[in-house]
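Take a look at the structure below.
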Amino acid sequence: MNARKMLAACAALVMGAAVFALDGREIMQKVDDVAEPSYTHTLVKMDLIEANGTTESRVLEEWGRSKDGLASVVMIFKSPASVKDTRFLQIQNEGRDDDKWIYLPALRSTRRIASSEGSKSFMGTDATYDDMSSRDVDADTHTLLGDKSVNGYDCWEVKSEPKDTASSQYLYRVSCIDKATLLPVYTEMFDKKGNLVKVLTVEKIQNVGGYNIPMSNLLKNVQTGHSTRMAITNIEVDKAVPDKVFTQNFLNTGRL
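Residue numbers (mature numbering (1 follows the signal peptide of the UniProt record, and there is no 0)): -21 to -1, 1 to 235.
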């Protein structure tokens, strides 16, 4: 190859890299566009882990539905006795906050979770009610920080800052997106003072029915040392769940 052809080839490679390079928003849009099961039914083991290692274990059953790009989820706590029969319903809405309700068996009543309660802990876990909701891609400004290897995953590292600071309990988040599965496998969350407060680590990914499912997640509050692990012990995908499950009536009664 003569010098002119070599230069032309190099230029083409550089231009090609520029064309196919993704920016932060494009990466997060790809994450949002990942195919999900229409329905899921899972059994989950939840561990609440104190800083000293003391652990309280819970078991819950969960049904999920993805319809017209919007997700709904119902959780029923099965054990221990202190939380048994507590039920939670979340319905994603287009262009407004998710609807959330919780049924408390001790009170035999259902309570709507107000938007103002978004920063409160969900059932004593390290997740807040807002943590359980997905954010619209364009609610944040996304900046690609570069490539990063995390726990064996080849990732893009993306910083996400809320355009409306009042819409998020965090000043910003930094996510490591696995290039192979387009799943966030490591996410750091920073409080309003810019201090690291929580780290979410995906410990295991499994392909189930053609979908890459995070089977075990660990959410740690680095300021308190407390952690919450959610591990799926059984899962069914794309097996239809009656729409009645995703209603307040089912939440109130636990029956169809």
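Even glycine gets a Cβ: it sits at the ideal position worked out from N, Cα and C.
Only a predicted model underlies this, so the values are computations on that prediction, with no experimental measurement involved.
Is residue i buried or exposed, if buried means 16 or more other CB atoms sit within 10 Å of its CB?
{"i": "Ser147", "result": "buried"}
{"i": "Ser206", "result": "buried"}
{"i": "Gln185", "result": "exposed"}
{"i": "Leu86", "result": "exposed"}
{"i": "Pro193", "result": "buried"}
{"i": "Leu175", "result": "exposed"}
{"i": "Gln71", "result": "buried"}
{"i": "Arg37", "result": "buried"}
{"i": "Gly204", "result": "exposed"}
{"i": "Asp126", "result": "exposed"}
{"i": "Thr120", "result": "exposed"}
{"i": "Thr104", "result": "buried"}
{"i": "Arg90", "result": "exposed"}
{"i": "Ala(-11)", "result": "Interpretation of Ala(-11) is limited by its pLDDT of 47, a score under 50 that renders its predicted location unreliable; the figure taken from the coordinates is listed afterwards. Exposed: under 16 other Cβ atoms inside 10 Å."}
{"i": "Asn200", "result": "buried"}
{"i": "Gly3", "result": "buried"}
{"i": "Leu83", "result": "exposed"}
{"i": "Ser95", "result": "exposed"}
{"i": "Gly97", "result": "buried"}
Which class does residue i belong to by DSSP, given the choice of helix, strand or coil?
{"i": "Ala30", "result": "coil"}
{"i": "Asn130", "result": "coil"}
{"i": "Thr226", "result": "coil"}
{"i": "Arg4", "result": "helix"}
{"i": "Val13", "result": "coil"}
{"i": "Val53", "result": "strand"}
{"i": "Met102", "result": "coil"}
{"i": "Ala210", "result": "strand"}
{"i": "Val62", "result": "coil"}
{"i": "Thr180", "result": "strand"}
{"i": "Glu96", "result": "helix"}
{"i": "Thr232", "result": "helix"}
{"i": "Asp119", "result": "strand"}
{"i": "Ser45", "result": "strand"}
{"i": "Ser88", "result": "strand"}
{"i": "Thr144", "result": "helix"}
{"i": "Val(-3)", "result": "Confidence at Val(-3) is low in this model, with a pLDDT of 38, below 50, so the placement of that residue is unreliable and no value is reported for it."}
Under the assumption that residue i contacts residue j (Cβ atoms under 8 Å), give the Cβ distance between them as a whole number of angstroms.
{"i": "Gly233", "j": "Ile81", "result": "With a Cβ gap of about 13 Å, Gly233 and Ile81 do not count as contacting."}
{"i": "Lys18", "j": "Gly43", "result": "A small fix is needed here, since residue 18 is Tyr in this sequence, not Lys. 7 Å between Cβ atoms; contact."}
{"i": "Val129", "j": "Tyr151", "result": "At roughly 18 Å, the Cβ-Cβ gap does not stay under 8 Å, so Val129 and Tyr151 are not in contact."}
{"i": "Thr122", "j": "Lys138", "result": "5 Å"}
{"i": "Glu140", "j": "Leu124", "result": "About 12 Å; that fails the 8 Å criterion."}
{"i": "Ile229", "j": "Val53", "result": "It should be pointed out that residue 229 corresponds to Phe in this sequence rather than to Ile. That pair is a contact at about 7 Å."}
{"i": "Val23", "j": "Leu39", "result": "5 Å"}
{"i": "Gln8", "j": "Val116", "result": "5 Å"}
{"i": "Phe225", "j": "Ser51", "result": "4 Å"}
{"i": "Leu181", "j": "Leu162", "result": "Note that residue 181 is Val in the sequence shown, not Leu. 7 Å between Cβ atoms; contact."}
Could you name the residues that DSSP lists as bridge partners for residue i?
{"i": "Pro163", "result": "Ile156"}
{"i": "Lys172", "result": "Partner(s): none; Lys172 has no beta bridge."}
{"i": "residue 270", "result": "No answer is possible for residue 270: the residues shown for the chain start at -21 and end at 235."}
{"i": "Gly125", "result": "Glu136"}
{"i": "Leu68", "result": "Val53 and Trp80"}
{"i": "Glu35", "result": "Leu27"}
{"i": "Gln185", "result": "Ile192"}
{"i": "Thr203", "result": "Thr203 is not bridged to any residue."}
{"i": "Leu198", "result": "Leu179 and Thr207"}
{"i": "Tyr151", "result": "Phe169"}
Sufficient close CB pairs (3 or more, under 8 Å) joining the segment 104 to 113 to the segment 58 to 74: yes
contact_flag[the segment 13 to 32, the segment 210 to 227] where n(CB pairs < 8 Å) is 3 or more: yes
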